[in-house]
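Numbering (this note's numbering), first residue to last: 269 to 543.
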């Protein structure tokens, strides 16, 4: 049973199945609609689900998987019943060169109204200031939290890294020079941007197997930029970057308000302290 919410995608899936030479007739049935509204003739042995946003939980994952656990799978609390078997969101403090370079009166970041900035995972205007930590770690084979306020993790502590600040400054400097900036200007802007904490970068990871040997990374294991169809989500912590130095510490606490239905988006609240 292949369940697809988009009518056009479901139409194309039916066409692909009907034209496939390696899929016998009747093996794959395409069902149009949300899985939470679907009724299957029988419970399934295995669920393959890609309902993961650039923040793992942002596309209705909890409501969808909670419903599948209750209605659609024979053994919902066994990891072997799921691909992926868990989804995660990594987090790290980040500098963002455009946040440093653009400000009032030309640009007011406060007008984003709390919405994050979404960037290509290879975009070098965003650089991490510490090693990443797991913020969300959602096992599909465990009972999921009900609708309401959910704390994905205990408070997280990030130590701002001197090596990362130095490396980020070089990335910014080299790019500014390639764009024609004079050396003195490039050094000043690169240094300011590299020492400016813009916010918390978030991106997803998919753990496909119970042993954790097969992992799909949207960024590298240490947060390295790479090609991905997901984005890096930057939650800005203030209208302007906050100056930090090597050895500074960012303490992060976050909550998620989970909706009861798959089409009710979660609401994220992040609170950070720098010392």
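Every residue, glycine too, gets a C-beta built ideally from N, C-alpha and C.
Beta-carbon gap between residue 465 and residue 512 smaller than 8 Å: yes
Segment limits, alpha helix (DSSP H) that includes residue 438: 430-446
Cβ-based burial, residue 492 [other Cβ within 10 Å; buried from 16]: exposed
Span of the beta strand (DSSP E), counted from its first residue to its last, around residue 467: 467-475
Three-state secondary structure assigned by DSSP to residue 350: strand
Three CB pairs or more closer than 8 Å across the stretch 350-359 and the stretch 312-326: yes
Contained alpha helix (DSSP H) runs [length at least 4] in the stretch 306-353, N- to C-terminal order: 329-339
Counted within 10 angstroms of its Cβ, other Cβ atoms place residue 522 as buried (16 or more) or exposed: buried
Span separating the alpha-carbon of residue 421 from that of residue 415: 17 Å
Alpha-carbon to alpha-carbon, residue 496 and residue 409: 26 Å
Cβ contact (3+ pairs, closer than 8 Å) linking the stretch 476-494 and the stretch 391-403: yes
Residue from 525, 506, 357 whose Cα sits closest to the Cα of residue 381: 506
Host beta strand (DSSP E) of residue 416 (start-end): 416-418
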